[in-house]
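Numbering (my numbering), first residue to last: 601 to 1844.
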């Protein structure tokens, strides 16, 4: 009996069929609803979202083919605060979507697995992807033999890992299935990256935190039927958290919810008719034209040509003199319009714009952001036609290559530029093309793995050719291009240029070897093991040039070598005889040992051990040897850090550096971006200073005299060798390289020679100035466009994007008069009087956008951070210059209107945009403009100025601060004002995000104020001091009393010496009667064998004016004491302050620096300011790790002492009147060198 019951239970279980399936003879009707919200997820914070509701009918066509019909479509939008606002209907967009969704769709389905999806021709991809989101509910794998199971399966997010958990309802026998999709663990993820190719991934930083975190969960209710498992109810929840910093410290949240509810099942009466359809692919989200839609705007892209023409003309006109800040965002709109036009449209636009210099420049500057094949083909046409200038071509092609979508087809098209005759028509253009092509290859390889050798083959061929012809410049340029490309297949070609690793002996100039070693900088990341072998081989060859060995070890450490390799370098250094190599390598390892950035996490430990081994032998090497210096920091909460590196390469034969390089890096959210890098090789100049017997290298007066004497011989250098060369890299890509040869320098010197005549370009420039010249230049530039697009469970594209656009303008108008006029040579210019009238403008507006949300071609919703930074410097003045006496006079008009010099405006919004009904578009500040229930209001009146105001509003979770501070100069009728307003919402669990998200405004403005009297102009005079001025004429009353009695004999000798007037400056406001009112500054200097003294006297100019400031700075050349005595007020008698500094290094004692500042009487506002600063001292001291001791010290004095207790540590003590702060064993960023004798230096 028991066996019978067991058999019966098994039979019943077998009869239950839960494997999802659909009966082709039936029609299934479901209700579908999907919604998405994006925002902070905090109370009283604005959010945006959309909701789609519809009825879905699924009708069988064959055993494994089913029709999907959508009806009763309703689309709604949300923009506001949860709980206060609701979703609003969008009738026009609902009508459009309903019309497109009403057409039948078809999909393949069997055993819970969705196959291909079909749609009628002309259905937009946005609609097909929404249908994918609906059909995705039917993709479910049921295994009744396991309660929990894991598998990899295809879904709308790609081929991802899923974990299933099954629970059976005992009464209904329905299965409740929970599916969790790990969309961070997908082999073929439905995601798209653009704009991040030049930012190297940092895995160690990822381990500390990430900026994106996503989860997806499905819950199904499945009923067993004779046709298989029937999905009666299903819902999905997807959450994504995004932050520009560590996602753990607060984030923008996306929540997508969808639900499918079975309404009924019925027999299909009449077989449905199937219209012709196209295969639209599998269930996986399909990217087609997402990049065409820029997420920060929603514009109708129909008929783009007239819109482009109108906007470019309007932008050129609006920014013809200075920047119209209201138009800077329109630049991005033109970029989007350009991306939808054809090549024929481009040719049509070129015909319209090429004849106007302004329109032509705007057009060429903006097509670089089209990022596809059309812009390449357009430039090829220009090169063939020759209707573009070389400088235009170089600028346009450089940005085009660096911003191009680096697909294989586009790389193939770009090769054509390397074989065109126009490309080689100008050396700088050719260099630009070769370097830019290398950058394009690098980007291509960043997105394509493995990267085909065909992409880099043209550069490999150029390298082989240059090696055969042995042309130095050709070899350098192609090696630098290979360095930009960083293609793994190029390493064998690079090895052919390197001695000791090449298959055949190599004897090449040092600049070529330098370029060859540096060409492995990107390969250090992509193929570290090969680069380690090569660079270590170069490093251990002592017969190689010192510079090459140092560059090799620099690249070696870029590969992040393991401990064993660092140990090998350390062992080799212990026997090294070249102190430049030793000093460079040791300082490089020491700087890495203290690194805090994640990429150096393991390497810093290895270097720390190595430094401890090498320090006893090399820890006190002088700074006269080669050095590597690095400063960096990293914050785990922000996931942001910076690093700066400086390399100075020298050789034993000369003190003059062989090369100097500097570069900066920016670490952010798991990536490393190399910022600006520049370098200089001294080349021929270095040869002038080799083996000079009398030269000591201590830069003494004797050394300086030798340097000046040697520089006179520069003309004797070979004309085929450069005096120096320079390069620059941006984001790790070299974009500029130039070598200066002696013939170029000679041309410059001859052009400025006094005997030069009308053939000189200086003569031409002076003629143009006398006729009057006008020059204007504008540059729109998209600094970066980074985009990450990922599928959501709804079939909508989630986008995180960053845009940084700039618009820069320079305008210069000038007209000069020369008396007496030039005749046939430039010589008389040196004794002439020159008058100049000029006005102009220099400025830049930078727009920054960060978007997190849904971005389609018909609607957008999300969170948008928007900032605008403005720099502006207009000018207008007349000047007179007496060239012989070097006297300058300037007349400036009075300020007529307020002028904003610098400003930042920053806010974050909940945005909703709708292509069908622009009137529904909304940008709601995430924080409301009004502040309710203010708990505390404080108003502070500052004593610094009558216009200083600061208002702070404090609420339980709202912080708002406003300030307006002005420094008025009523004499001149102007004031420099600083104003700021900050508004933040503070949530403790959102540190540090809440510090940055909210409204911010900051501005520096020149404002007009009521002048003391009517001012016609402001007159400025600058005169050099060429005449000796009698001591009795000096306004030095009281200055001698500031000197210590111990120095009286010395002071007397200085007083007896005749002071020399160095220069004077006068800035006065002139009225209609030419009565001056302003200030004058005079500088005197006295030098004797015992003392150097400088006096600066600032006096107020005007009727009954007696205000003066007297500054006396002296240095005892015997003892090294330095002192400064400052007095100001009526005849320099009202207030007084003195400073003193001294250093001492006595035998047997540690080097010491002592600094004191003492005041007797100061203005009341300075006392209050000092008190306010003093309040922050304990907190600052605690923050930086100093100890504190409250004690009574000398009143009216602050003193500090610094003692170097060892070569790399110091003790510091600072005494305030009522507090002492101190710290011991503070690490030094440099080493204190041992020296003998007594040295003192002062500042009191």
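Glycine included, C-beta positions come from ideal geometry on N, C-alpha and C.
- DSSP assignment within the segment 916-968 yields no whole beta strand (DSSP E) run of 3 residues or more.
- DSSP places residue 1213 within a helical segment (H, G or I) once states are collapsed to three.
- In summary, residue 1346 is exposed, with fewer than 16 beta-carbon neighbours lying within 10 Å of its beta-carbon over all protein chains present.
- As a beta-bridge residue in DSSP terms, residue 1417 pairs with 1435.
- If you ignore the 5 residues before and after residue 928, its C-beta comes within less than 6 Å of the C-beta of 1407, 1445, 1447, all in its own chain and listed in chain order.
- Between residue 1665 and residue 1486, the alpha-carbon positions lie close to 13 Å from each other.
- With fewer than 16 other beta carbons inside 10 angstroms of its own, residue 1129 counts as exposed.
- In the DSSP annotation of this structure, the continuous segment of the alpha helix (DSSP H) that includes residue 1771 starts and ends at 1764-1783.
- Secondary structure at residue 1177: coil, using DSSP grouped into helix, strand and coil.
- At least 9 Å separates the beta-carbon of residue 745 from that of residue 764.
- At least 9 Å separates the beta-carbon of residue 1742 from that of residue 1714.
- Under the three-state reduction of DSSP output, residue 1568 falls in the strand class.
- CA-to-CA, the gap between residue 1566 and residue 1219 works out to about 51 Å.
- Short of 7 Å from the beta carbon of residue 1393, and not among the five residues preceding or following it, lie these beta carbons of its own chain, in chain order: 733, 736, 756, 816, 836, 838, 856, 858.
- Under the 10 Å beta carbon count, residue 888 is surrounded by fewer than 16 other beta carbons and is classified as exposed.
- Per DSSP, residue 1009 lies in no beta strand (DSSP E); the unbroken alpha helix (DSSP H) holding it starts and ends at 1008-1014.
- Between residue 1193 and residue 1204 the beta-carbon gap is near 6 Å, inside 8 Å, which marks them as a contact.
- Contact between residue 949 and residue 966 does not hold, since their C-beta atoms are separated by about 10 Å, which reaches or exceeds 8 Å.
- Residue 1214 sits buried, since 16 or more C-beta atoms from the chains shown fall within 10 Å of its C-beta.
- A residue is called buried once 16 or more other Cβ atoms fall within 10 Å of its Cβ, and residue 961 is buried on that count.
- Within the model, the alpha-carbon separation for residue 1776 versus residue 1241 is close to 26 Å.
- Between residue 662 and residue 867, the alpha-carbon positions lie close to 14 Å from each other.
- Taken atom to atom, the span from the alpha-carbon of residue 1116 to that of residue 942 is near 41 Å.
- The DSSP-derived three-state label of residue 1669 is strand.
- Within the DSSP secondary-structure output, residue 1728 pairs in a beta bridge with 1709, 1735.
- Minimum Cα-Cα distance from residue 667 among the listed residues 970, 719, 768, 1604 corresponds to 719.
- The distance from the Cβ of residue 1322 to that of residue 1284 is about 6 Å, consistent with a contact at the 8 Å cut-off.
- Within the DSSP bridge table, the entry for residue 1231 names 1244 as partners.
- In terms of Cα proximity to residue 1058, the closest of 1085, 1072, 1207 is 1085.
- Here the C-alpha atom of residue 1475 lies approximately 22 Å from the C-alpha atom of residue 1482.
- In the three-state DSSP reduction, residue 1458 falls in the coil class, being neither helix nor strand.
- Per DSSP, reduced to three states, the secondary structure at residue 1391 is strand.
- A Cβ-Cβ distance of about 5 Å is found for the pair residue 1754 and residue 1801, placing them in contact under the 8 Å criterion.
- Positions of the beta strand (DSSP E) runs, each at least 3 residues long and wholly inside the segment 750-790, are given as 758-768, 775-789 in order along the chain.
- Three or more beta-carbon pairs drawn from the segment 1265-1275 and the segment 793-807 are found closer than 8 Å, and the two stretches are therefore classed as touching.
- The C-alpha of residue 1067 lies about 55 Å from the C-alpha of residue 1460.
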